[in-house]
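Mapping to the UniProt record's numbering: the sequence shown position 8 is 8, numbers consecutive. A quick write-up on the structure given underneath.
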Amino acid sequence: MEIKQFSAKDFRKMIQSGANNLTRNKDLVDSLNVFPVPDGDTGTNMNMTFTSGNEKLTQTVSDHVGELAQSLAKGLLMGARGNSGVILSQIFRGFSKAIEHLETLDAEGFVSAFSGGVESAYKAVMKPVEGTILTVARESAMAGEHAVQSTDNIVEIMEAIVEGARRSLDNTPNLLPVLKQVGVVDSGGKGLLCIYEGFLESLTGESLQEESEEAHEVAPQLTHAIFNNEEEHPLSMDDITYGFCTEIMVRIDPDFATTDQTFDTEQFRETLNTRGDSLLVVADDEIIKVHIHTENPGEIMQLGQQFGELIKIKVDNMREQVREIDRQHQASRPDQPTVDDQAMILSKPTAVITVAAGEGMHQLFESIGADIVLSGGQTMNPSTEDFVKAIETVKADKYIILPNNKNIIMAAEQVSELIDQPVVVIPTRSIPQAVSAMLVYNEEATLEDNQEMMLEMMEQVKTGQITYSIRDTQINDIDIHKDDYMGLIDDQIELVDQDLTEALYHTLDQMIDTFSSIVTIYIGEEGDENEVNDVIERLSQQYSDIEFEVVEGNQPVYNYIMSVE
């Protein structure tokens, strides 16, 4: 079959076919988790993300491929769930940007879309790791670039892209040691391959489902994409290098520009990067938004005025804020109103959005000052759109988001691109981290002060979790059998035991050290209060100075969640 000119009708069919193939395979991808906990959700996250994009596309009336691609990207951005979903949305954001001006596609235009997707996705991840969905996207696009040098048939090019994705996926264990250790490949990459295979099905009219399943008979061993979770935290206020938190918004307008220079986001970001730290630059064709900590706010404004009119300016002296905080004794914060996830409350300086699963967890966060508690967590990651809708129910000048799971952080971080008010994401990876962060939250403080204090506080708590294994495997030289109870400390599996009580006891015993003073145990749906009391009695005999607290969290997946401070 030969296609040399790719129309809007072809594009609609291709995206629908990709969505259908991912839907067919989502349960398979969900089961491919390197950690054998009952929470595999890469397939679900990618499927819900791509389905959101496809739905936005189907609602768009246009015969222009570029316009359809823009609608697809917008839907993906709003529906992005989990790290895999966010990166998928970034792939198709770059994909759409590369062809936004094209009504139809020839072979060169078709390939440029996939290459643009790779560029966008790599920029979205602060520290890209090879052996993940990023690698599969990059190497498959390279295969397309190679194919277009010898053919102008889009079907043959898509065949090359799919074959490149398959080869790349099979090679992921050679790039990422943790995959090689357990003999698996990356499931984020597998999800992307499913989409691309669906694309090819729409072009050839032939089902690739059987071929796909035969080529990956080892599927039950596949795994999630893994990213470098190292976080960059701001310096303490005692060590401020750049003292002025500066925010500007510029309307791109040649009539107000001080030079005739064309705005380029990357070049502008590189220029500002030499003027301070904590830099964020977000721009589209009309507006430039900048946040930076600098010693010369005026210079930042002048650099922005090169491209148009300043329409918003905000400068805070962080050193003076430190002095003010030092002058004040922190008073107990008054109780805040309890709201549910649909309630509208009066305007306030700052609002906090957080995520939790379980009635007890919801009540806990509401009691310590959260304005909205989204239902979700390990087994259901809220989308970027979920966060935006939550924000719309609370009128505030600025917002703080606590994701409470490493797989939700990236979706939360995309919110700032979709709303005008300032948003800070505190990258909490667990419920205990969020609880500790909320204890120092001050509604009246500046966003930067709250961010500083909450980041510092969240890192002072250890998180433990007890859950069960859904299959036999080996991780970090630990033999794990189906239905064993696993003790995780800060997301790492540290021990297994066939007895739940023993798993809880030994995990806490490992977590407690000479600096520990408070242990909190959150009882899940499958937990037992009598069991907890037995463990506390044993530990109290060993650690007489430790204070123990018990909370009915009612959370799913984890029998117990523990914090040690």
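Glycine residues also receive a C-beta, built at the ideal position from the N, C-alpha and C atoms.
| query | result |
| --- | --- |
| If you reduce the DSSP assignment to three classes, tell me which class P349 lands in. | strand |
| Classify G205 as helix, strand or coil using the three-state DSSP reduction. | coil |
| Kindly indicate which residue of V564, Q302, F114 has the alpha-carbon position closest to the one of T514. | V564 |
| Which residues in the same chain as L495 place their Cβ atom closer than 6 angstroms to its Cβ, once the five residues preceding and following it in sequence are excluded? | G487, H506 |
| Check this for me: beta carbons of T384 and Q421, under 8 angstroms apart or not? | no |
| Determine the closest residue to T428 out of L439, L418, P403, with distance taken between C-alpha atoms. | P403 |
| For L22, which option in K4, E2, T51 has the closest C-alpha, if you only look at C-alpha atoms? | T51 |
| List the whole-angstrom C-beta distance separating E485 from I523, where the pair is believed to meet the contact cut-off of C-beta under 8 angstroms. | Glu is not the amino acid found at residue 485; the sequence shown has Tyr there. So it is not a contact: roughly 15 angstroms between Cβ atoms. |
| Note down, in chain order, each residue of its chain lying with its Cβ closer than 7 angstroms to the Cβ of residue 575, except the 5 sequence neighbours on either side. | Any question about residue 575 goes unanswered here, given that the chain covers just 1 to 565. |
| According to DSSP, is Y505 part of a helix, a strand, or is it coil? | helix |
| If you measure from the CB of K389, is any heavy atom of the ligand PLP nearer than 7 angstroms? | Annotation note on the ligand PLP: not contained in the displayed structure, which lists no ligands. |
| For V61, is the classification buried or exposed, using 16 other Cβ atoms within 10 angstroms of its Cβ as the cut-off for buried? | exposed |
| Using DSSP with H/G/I as helix, E/B as strand and the rest coil, what is residue 584? | Only positions 1 to 565 of the chain appear in this structure, which leaves residue 584 out of reach. |
| Exposed or buried, what is K462 when buried is set at 16 or more other beta-carbons lying within 10 Å of its beta-carbon? | buried |
| Would you mind sorting V300 into buried or exposed? The rule is 16 or more other CB atoms within 10 Å of its CB. | A small correction: the amino acid at residue 300 is Ile; Val does not occupy that position in the sequence shown. Its Cβ being crowded by 16 or more others within 10 Å, I300 is buried. |
| From G53 to I431, what does the alpha carbon distance come to, in whole angstroms? | 30 angstroms |
| Assuming V185 and E247 are in contact, meaning their beta carbons sit under 8 angstroms apart, how far apart are those beta carbons, in whole angstroms? | The Cβ separation is near 43 angstroms, so there is no contact. |
| Is there contact here, the stretch 381-397 with the stretch 257-277, by at least three beta-carbon pairs under 8 angstroms? | no |
| Would you mind sorting D386 into buried or exposed? The rule is 16 or more other CB atoms within 10 Å of its CB. | buried |
| Give the range of the alpha helix (DSSP H) segment to which A110 is assigned. | At residue 110 the sequence reads Phe, which differs from the Ala that was named. First-last of the alpha helix (DSSP H) with F110: 107-124. |
| Check whether the Cβ atoms of V118 and A141 sit closer than 8 angstroms, and answer yes or no. | yes |
| Ignore the nearest five residues each way along the sequence and tell me which others in I15's own chain have a CB closer than 7 angstroms to its CB. | N54, L57, L72 |
| Roughly how many angstroms lie between the CA atoms of M158 and D30, to the nearest whole one? | 26 angstroms |
| Can you list, in chain order, the residues of its chain whose CB lies under 7 angstroms from that of I478, leaving out five sequence neighbours each side? | I493, V496 |
| Taking contact to mean 3 or more Cβ pairs, one atom from each stretch, closer than 8 angstroms, check whether the stretch 344-363 and the stretch 433-449 are in contact. | yes |
| So, using beta-carbon positions, are V519 and M562 closer together than 8 angstroms? | yes |
| So what's D483 in DSSP terms, helix, strand or just coil? | coil |
| At which residues does the alpha helix (DSSP H) containing D30 begin and terminate? | 8-30 |
| Considering only DSSP beta bridges, list what N476 is partnered with. | Bridge partners of N476: none, in fact. |
| Do you know whose CA, among Q433, G191, I161, lies nearest I133's CA? | G191 |
| Going by the DSSP bridge assignment, what does C245 pair with across the sheet? | H293, D316 |
| Report back the beta-carbon spacing between L193 and V136 to the nearest angstrom; my notes put them in contact at under 8 angstroms. | 7 angstroms |
| Can you grab the Cα-Cα spacing for the pair N554 / T354, in whole Å? | 17 angstroms |
| Can you have a look at K482 and say buried or exposed, based on whether 16 or more other CB atoms are within 10 angstroms of its CB? | exposed |
| Which term fits T419, buried or exposed, when burial requires 16 or more other beta carbons within 10 angstroms of its beta carbon? | Note that residue 419 is Ile in the sequence shown here, rather than Thr. Its Cβ having fewer than 16 others within 10 Å, I419 is exposed. |
| Do M454 and G369 count as a contact pair if the criterion is CB distance below 8 angstroms? | no |
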